[in-house]
Structure formats: C-alpha cells, structure tokens
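See below for the structure under consideration.
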Amino acid sequence: MKQRMVVISNRLPIVVSQDDHGEWQINPGSGGLVTAMTPVMKANQGVWVGWPGCDEDAPIGRLLDTFAEKEGYSLAAVPLSEEEVEKYYFGFSNETLWPLFHDMLGNCHFNRDHFEAYKKVNRKFAERTAEVSLPDDFIWVHDYQLAMTGWNLRQLGQWQRLAFFLHIPFPETDLFRRLPWKNELLLSLLAYDLIGFQTLRDHRNFVRCATSLVPGVKIVSRHRNYTILRHGERTFRAGHFPISIDFEDFSARAKTKEVADAAWYLHENFEERQIILGIDRLDYTKGIPERFLAFERALEKYPEMEGKVSLLQVVVPSRTMVPDYMDLKAYLEQLAGHINGRFSMHSWVPLRFHYRSLDPVQLLAHYRSAEIALITPLRDGMNLVAKEYCACSVDNLGVLILSEFAGAVDQLGKHALLVNPYDVETTADTIFKAFIMPEGERRRRMTLLRSQIKRFDVHQWTKSFISKLK
Ligand code: F6P
C-alpha cells in the first residue's frame, strides 16, 4: 500500500520506563497489533497516535523522535492526566464497555462522569491526529477505547478515509441497549467508512444493532464477509476480519536452540508429566476459575491422571486498579491453594500458578513444552494465545482445548477440542481426552491447525482489511 497510514490506538507501540538512575527510556512494544501494523507503518513512513502510558509530564519528546528515526515511522503522543486515565481508561473503557461487550452485565458500572471523560479523551485523540495527518492519509482507529475518535475527526473537518477495527466482541442488540449512552456511541461509529469486527457473529450483531436502533440506517447489499449500509447520504461498510499472528516468525523462533533449551529445562521441572498450559492476562473474561474447577474435577474423576499431569497457569498482571481484577487474583490464589491442598503429593504439585509476565524466550518455551493448551475464555474477541500455541507446537504433538466462546473458534474449531467453559463436567472429560489422545491423532489435528494459521496470518489480515477500504 502506497498511501500513508495513520494508526490510532489507546497505547503507543512502545514501553516507556525509567531506569535505576531515573533516566527515561523507550523500548518497542509487543503484541498482535504491533506485529500487524509495523511492516505497513515502516513501508510508508506512517504515524502512530496513542497514549505513551507514562506520567503526563514525562520528558520523552526527544526519545520519541529518536524512536521514529530508528524505526522509520513516527509516534504522536497523547499524554493523559491521572484523572483521565482513571475515568476514561479504567472507568468507561474497562468498567463499562469491556464487560458489556463481553456479555458480562454483572461486572458493568454505568457512570455518567466516566462517559464524559471518555468523550473528552476521544476528542483529544482526534485533535492530536488532526495535527499530524495529511489529506491523503488513510486513518485506522483501533478498539473500544477509541470508538468515538472517528466521529470527532469528522467534526474537526477531517475527510480522509477512516476505518475502525474492534478487537473485542460486539454484543447482541438486547445487551447493547442496556448502555445508557447507546445512541451516542452507535451514531459515532457510523462516521467510519469501514468498521471491522473479529467474527461473523460480531459483524451481524453490529448490523442488527445499527439497523434496529438508529432510524434511517438501511442495508444496501450483503457480501461474503462484509455488508454495505446506508445512513442518510452516506454509505459505509461493516465486515469481519479475524486477526491473526505472524505464524512464520513464531514458528521459526520456537525452533531456535535458545527456545528449545529453555523448553527442555522447563519440562525437566515436571519430570515425566504432561504439562497443561494456561496463559492469560488476569481478566474475569478468561474463565480461569472455571478452568481450575474443571481441572479439579478431572483429577477427581480420572485417578489415572494423578501424578502424571500438571496445570501450569501463567497470569499476566493487568488493569490492576479495577477492583474486579484485584478480587479475581485473590480468588485464584485461594482456589489454587485448595486444589493443591487436596491433591498434592510430596513429589507432585498439580497446579502451578504464576502471577507474572514472561519474556519472549520463556513465552515460546512454555508454548513449545506444553503437551496441552487449555484456553477457556467465557468470551473473547479472538484469543491469539491459541494461535501462538499452535505456531510454536513445532513437533505437531500439542493438543489445543478451546472455548467455543473465543473468536478463534471460527478458524480453529474443526481441529481443536471444543468446550463450553461453564460446563465443568464436560471440560473435565475433555481434559482427560486430551491427556490420553494417541500420538497419531495429536499429530493430525495439530498439523491441520498449523496450516490453517499459516495460510491466514496477520499479514493476510492487514491486506484483506485495507483492500475492503479501497
Ligand atoms: O484486546 C483488547 C485490549 O484491550 C487491547 O486493546 C489492548 O492492547 C490489550 O487488550 C491489553 O489491554 P490494556 O491496554 O488495557 O492492558
């Protein structure tokens, strides 16, 4: 793509920190979006607009310029005050939209003050973007934190091609209607030329919501993975574009000696046991307590597993200021203690619970060494961990157990073992099924999973999204 791209996301693709001497430093960030956008940004000297994630007054201007020179694209920071972070990020984004869009009404807090802050910050992102963008740019806004940024750009007289991609699910109309500010949010989404979702279900939910809640929105035509809609004089598109990973990169790195050695050391700690792996951000949408209960039930029901298997659950700290997240941590520790107290033997700890993030080599070593991945979110936009696990299962022997409520099920559902995470009994049976799965069947399933992910990788995702806007 020749056109310059302006990407807007809540966080910039960097990690800002201070060293022991108080010096500020910037390192490249990681994650799905960074992998997807970096090649496009470098190819046409794009601009990435976002929150640097540090104090509002941190003196990082020069560091951002140096980053730009080195990486070949620019960063435009949107500094946020403590109050903005509290109300816009922790508040409306993560205590209202996040639970609502993940079908978890019980976790939602509806606070007018938080919504006002959300609108103000979305406006701030738009203003910063208007300063750095050019008339021919292609502007791509990402995720629920910035749903209203596009509408604000239009208000500021920006008429570039404008796209939005929602990385999390979009709820059914009946749930969306609970949002007191539903009309304002929905109307602002109609300002985009293209609105992308992860799955057909999300795409359909949005089209139903828009056509039933906004007077005058009509479907013009339906196509294989997108719909053309009209609102007044304007037409725009909504479609589904399942995000993916850089398969070749994960697979090649998993094959390196460094990762193979780290995987070997990791497995040595588990002696002759199979490792069942869970890796998640600490989040109540990930179904971690339900997973622990299913594992407990499997140990109870299938004594053959005793001493032969361990659940290794890595939980990455996240959104630590939101009370529901703190409560979840305490509950998980209590459950892990209960399960270990009940089943441990002097040489066997059935459940290992690690609350920390992993460096890239350790992450790949975990994927590579685990015989089984247990990925059981109650609801998830996509779940890239499932795809990363398969990409790193380079001997083709890993078994993927996947929740039917993860977006990834649309691509991986045929060859993974599917579970309803709320159904503890059947999940326990599925864990046992994976435990005893013969090598031939493991190999057949994993080979097919890997080839599916390889075919529709993240580069394919970017291309297919951009082509729909042309
Ligand atoms: O996928 C949802 C998402 O909120 C992304 O927007 C974000 O990059 C990621 O999860 C991590 O969340 P946070 O920035 O809140 O730590």
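Residue numbers for the sequence shown follow the working numbering, beginning at 797 and rising by one.
For glycine and all other residues, C-beta sits at the position ideal for the given N, C-alpha and C.
Since we're looking at a predicted model, the values are computed, not measured.
For Asp939, the Cβ falls inside the 7 Å cut-off from some heavy atom of the ligand F6P. A Cβ-Cβ contact shorter than 8 Å links Val1111 with Asp1076.
From the listed residues Ala1212, His1211, Ala1187, Pro1173, the smallest Cα separation to Phe1201 is found for Pro1173. Ranked by Cα distance from Gly946, the first of Leu986, Glu912, Asp932, Ile1249 is Leu986. From the listed residues Thr862, Ser870, Lys838, the smallest Cα separation to Gly846 is found for Ser870. Looking at the backbone, the Cα of Phe897 and that of Leu808 are separated by about 23 Å.
For Phe1046, there is no enclosing beta strand (DSSP E); the enclosing alpha helix (DSSP H) has its first and last residue at 1043 to 1050. According to the DSSP assignment, Gly1236 belongs to the alpha helix (DSSP H) that extends over 1235 to 1251. Closest option to Pro875, judged by alpha-carbon separation, among Met944, Arg1049, Leu1128, Lys916: Lys916. In the DSSP annotation of this structure, the continuous segment of the alpha helix (DSSP H) that includes Val1220 starts and ends at 1220 to 1231.
Per DSSP, the unbroken alpha helix (DSSP H) holding Thr1007 starts and ends at 996 to 1009.
Put simply, of Ile1039, Lys978, Glu852, Ala854 the residue whose alpha carbon is nearest the alpha carbon of Asp939 is Ile1039. Residue range 1156 to 1165 is occupied by the alpha helix (DSSP H) that includes Ser1165. Within the same chain, Thr892, Pro976 come within 7 Å of Phe906 by CB-CB distance, once the 5 residues on both sides are set aside. Distances from the alpha-carbon of Val1195 to those of Phe911, His1142, Cys904, Leu1214 put Leu1214 closest. Asn903 and Lys866 have their C-alpha atoms spaced approximately 42 Å apart. A direct Cα-to-Cα measurement between Val1118 and Phe886 gives close to 6 Å. Per DSSP, the continuous beta strand (DSSP E) segment holding Asp1076 begins and ends at 1070 to 1077. Excluding residues up to 5 positions away in sequence, Ala987 lie with their Cβ nearer than 7 Å to the Cβ of Arg950 in the same chain.
Within the same chain, Cβ atoms closer than 7 Å to the Cβ of Leu1245 are found at Cys1186, Leu1196, Leu1208, His1211, Ala1212, the five residues on either side in sequence being excluded. The beta carbons of Ala1094 and Ile1249 sit no closer together than 8 Å. Each residue's CA atom was taken as its position, placing Asp1120 and Ala1166 some 30 Å apart. For Glu1067, there are no CB contacts under 7 Å within the same chain when 5 residues up- and downstream are skipped. About 5 Å separates the beta carbons of Leu1147 and Ala1132, which is inside the 8 Å limit, making them a contact pair. Beta-bridge annotation (DSSP): Thr1023 is paired with Arg1018, Ala1034. Around the CB of Gln994, 16 or more other CB atoms lie within 10 Å, so the residue is classed as buried. Short note on Arg1115: C-beta closer than 7 Å to some heavy atom of the ligand F6P. Burial check for Val803: the Cβ neighbour count within 10 Å reaches 16 or more, so the residue is buried. Between Gly849 and Asp909, the alpha-carbon positions lie close to 22 Å from each other.
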